[in-house]
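Enquirer: Counting from 7, one number per residue, gives the positions in the sequence shown under the working numbering.
Glycine included, C-beta positions come from ideal geometry on N, C-alpha and C.
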Amino acid sequence: MALRDELLKSIWHAFTALDVDKSGKVSKSQLKVLSHNLCTVMKIPHDPVALEEHFKDDDEGPVSNQGYMPYLNKFILDKVTDNFDRQDFNKMCWTLCFRKNLDQNQLLISNDDAFKIWSIFNFLSEDRYPLTMVTEEIEYFLRKLTEAMGGSWVEERFEDYKMQLNSKQKSLNAWELIILVGSGHFSKGMDRQTLSMGINEVYQELIMDVLKQGYMMKKGHKRKNWTERWFMLKPNSISYYVSEDLAEKKGDILLDGNCSVEALQDKDGKKCLFLINSLQKSFEISASDKKKKLEWIQAVQTCVSLLRQGRPAPHREARQKRRELRLKQQAEQEELELRMSELQTANEAKQLELENMRKALEEAATNAAEEERRRLETQTELQDRYRLDLEREQTVRQQMEEQVAQKSTELEQYLQRVQELEDMYHQLEDALEDERHARQDEEAVRRLQARLLEEEATKRIELEEFHLRQQRAISETEAEKQELEKARLAKENALQAAMKQLEQLEQERQGALEQYQTVMKKLEDATNNTKTWKHKVAEHEGMLRLIQPGSKGQQMITNWGPAAFSDAELSLRQKKWQEMKNQTTQAQ
7 MALRDELLKS IWHAFTALDV DKSGKVSKSQ LKVLSHNLCT VMKIPHDPVA
57 LEEHFKDDDE GPVSNQGYMP YLNKFILDKV TDNFDRQDFN KMCWTLCFRK
107 NLDQNQLLIS NDDAFKIWSI FNFLSEDRYP LTMVTEEIEY FLRKLTEAMG
157 GSWVEERFED YKMQLNSKQK SLNAWELIIL VGSGHFSKGM DRQTLSMGIN
207 EVYQELIMDV LKQGYMMKKG HKRKNWTERW FMLKPNSISY YVSEDLAEKK
257 GDILLDGNCS VEALQDKDGK KCLFLINSLQ KSFEISASDK KKKLEWIQAV
307 QTCVSLLRQG RPAPHREARQ KRRELRLKQQ AEQEELELRM SELQTANEAK
357 QLELENMRKA LEEAATNAAE EERRRLETQT ELQDRYRLDL EREQTVRQQM
407 EEQVAQKSTE LEQYLQRVQE LEDMYHQLED ALEDERHARQ DEEAVRRLQA
457 RLLEEEATKR IELEEFHLRQ QRAISETEAE KQELEKARLA KENALQAAMK
507 QLEQLEQERQ GALEQYQTVM KKLEDATNNT KTWKHKVAEH EGMLRLIQPG
557 SKGQQMITNW GPAAFSDAEL SLRQKKWQEM KNQTTQAQ
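#1: According to DSSP, what are the bridge partners of Trp236?
#2: Trp100: buried (16+ other C-beta within 10 angstroms of its C-beta) or exposed?
#3: For Lys582, name the three-state secondary structure that DSSP assigns.
#4: Tell me the rounded alpha-carbon separation between Tyr420 and Arg457.
#5: Could you tell me whether the Cβ atoms of Leu312 and Pro241 are closer together than 8 Å?
#6: Between the Cα of Val216 and those of Met526, Arg380 and Trp302, spot the shortest distance and give me the residue it belongs to.
#7: For the 8 Å Cβ check, are there 3 or more pairs between the stretch 91-99 and the stretch 11-30?
#8: Please classify Leu578 as buried or exposed, where buried requires at least 16 other C-beta atoms within 10 Å of its C-beta.
#9: Name the two residues that bound the continuous alpha helix (DSSP H) containing Ser35.
#10: Can you name the residues that DSSP bridges to Gln367?
#11: So what does Leu349 bridge to, in DSSP terms?
#12: Just checking my contact of Ile123 with Ile205 at CB under 8 Å: how many whole Å lie between their CB atoms?
#13: Since I believe Ile115 is in contact with Phe188 (beta carbons under 8 Å), could you give me their beta-carbon distance rounded to a whole number of angstroms?
#14: Counting Cβ pairs, one atom from each stretch, are 3 or more of them under 8 Å apart for the stretch 41-57 and the stretch 137-157?
#15: By how many angstroms is the C-alpha of Arg494 removed from the C-alpha of Asn565?
#16: Leu396 and Gln502 - do their beta-carbons sit closer together than 8 Å?
#17: Could you tell me the distance, in whole angstroms, from the CA atom of Glu250 to the CA atom of Val26?
#18: Closer than 8 Å is the cut-off here; do at least three beta carbon pairs connect the stretch 127-143 with the stretch 101-110?
#19: Taking buried to mean at least 16 other C-beta atoms within 10 Å of its own C-beta, is Arg163 buried or exposed?
#20: Beta strand (DSSP E) containing Val267: first to last residue?
#21: Just the Cα atoms here: how many angstroms apart are Leu550 and Arg452?
#22: Mind checking Lys413: buried by the 16 CB within 10 Å criterion, or exposed?
#23: Using only alpha-carbon positions, find the residue among Phe121, Asp118, Leu186 and Thr200 that is nearest to Gly156.
#24: Contact between the stretch 283-301 and the stretch 326-340 is defined here as three or more beta-carbon pairs at a separation below 8 Å; is this criterion met?
#25: Opposite Phe280 in the DSSP bridges: which residues?
#26: Determine, using beta-carbon pairs with one atom in the stretch 221-236 and one in the stretch 245-263, whether at least three such pairs fall under 8 Å.
#27: Going by CA-CA distance only, name the one from Pro54, Arg379 and Asn96 that's closest to His19.
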């Protein structure tokens, strides 16, 4: 901590004490007295006109702390040096402020002990105004005080107090700290003298920078005699006095980075000896026991090491590290709070986004449910339609099966008739040998042919009608298939079963076509099988013509009606019959 910051804390207490009505302002007359006292204590030449000149543009009213600070910095603090007694400076500021804020009758400590606690508070308080001491520094001070009194630290007691403190506030001001120590809350079982000695020891270490003190024997430089002295170790010197009341100072041992300390062997009846080597001279000192000898040697070595490294006293360095750690933790906490705030903002935005998404999902779910209802209705309607179509297809298929069965029966009858014709043909061959019987057989054959022609014409008409109906059914089926294909693109999942059924119907239709083609093939084969007797009949009569599937060209008219073949077809048939007959003759 810089000298200016240490001085400002005490001056702040004095300025606050002069602010009687707590308005944050002090009259100029009081500030003149305060400024004069500060200059006197800090050994600064005081210019009484400077204050008036500094505030000559202001009215006669009081001056705030912010208004007094420029004058304080320019005319006092900028001129201050470290050649004054800080204890006198602190006592002057203490005198101005303690009567207003402290009731001495309620405390177990003296005014001097309260002043020391007040000074310790200024040392350990934060560099923020109004001045407060945080919980960590309170614990540090109370631990130091308990250790100085020779007591044991009760962690549970402080934790209970810290919980009570945190429930109200997280820090104490100077007067609350004095009341806390003066009430004996953390010094139960200790008398007032022990408490006062403990406060003084902590004050000596933290404020006066006394790192170690105690009685030891010192060897004189002139007489070489051994005399008991009270030694007080500070970061850059060792002072020795006649007694511990510090009334008569006998000298100083100045320390720097070149100093050294070493243990000596016992001699001249003196034990626990050690030697301190400084730039001026060397000092032989005898401690009371080996423990204190080692403690002093270690303490002096620590001071020399700190001087070499340019570091402050251990308690000041520890305080600075605690403050830096708190600032770091505070910065981390602020950063964490900022991140938490950002996360909270992001979370709220996310929650809003999720809420909007939830609403959108609910709306989408509602729309989806409505769409699903409509889809189900459409699907149900389509299923009903497909069921009706399927029923119609099944009816058509049954009709086609019945027709195929009927055609098969007719085909069997036709084949039977063809067989009869073949038998009749054999009979005709036998009848040729007898001309008389041939006439009769010819007449019978003519009547039979006429009947067959009539039946074949009827069957051919029926087959043509069946073929037309089948073509119409195929066209209708193809149109329905295209319509179903369009519907399938819109509602693919709902029409899978129907498509399978349509494919099954198509396969059945193909089967029917194949059966129909088989029947036609059989009819053609049956017709071919009758070529022999057909040609014979055609040779003998020239007027009988069998019905055969083929193109509808120009027809011949006979006595019995339309002939089955044209002249060209009949000539072609005759040629084929003659070739077949020649082949048969050659084979025989």
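Expert: This is what the structure holds:
#1: Under DSSP, Trp236 takes part in a beta bridge, and its partners are Tyr221 and Tyr247.
#2: buried
#3: Correct three-state label for Lys582: helix.
#4: 12 Å
#5: yes
#6: Trp302
#7: yes
#8: When all chains shown are included, Leu578 counts as exposed.
#9: Lys34 to Val47
#10: Residue identity differs from the one stated: residue 367 is Leu in this sequence, not Gln. Per DSSP, none; premise fails for Leu367.
#11: Assignment of beta-bridge partners to Leu349 by DSSP yields no partner.
#12: Right, their Cβ atoms sit about 6 Å apart.
#13: For the record, residue 188 in the displayed sequence is Gly; it is not Phe. Rounded, the Cβ-Cβ distance is 5 Å, consistent with contact.
#14: no
#15: Below a pLDDT of 50, predicted positions are generally treated as unreliable, and Asn565, at 49, falls in that range; the measurement from the model is reported next regardless. For Asn565 and Arg494, the distance between alpha carbons rounds to 60 Å.
#16: No; because the gap between Cβ atoms is not below 8 Å, this pair is not in contact.
#17: 41 Å
#18: no
#19: exposed
#20: Ser266 to Ala269
#21: A caution first: Leu550 carries a pLDDT of 44, below 50, which makes its placement in the model too unreliable to give a value.
#22: Classification of Lys413: buried, given that the 10 Å Cβ count is 16 or more.
#23: Thr200
#24: no
#25: Ala269 and Ile291
#26: yes
#27: When each option's Cα is compared against that of His19, the closest is Asn96.
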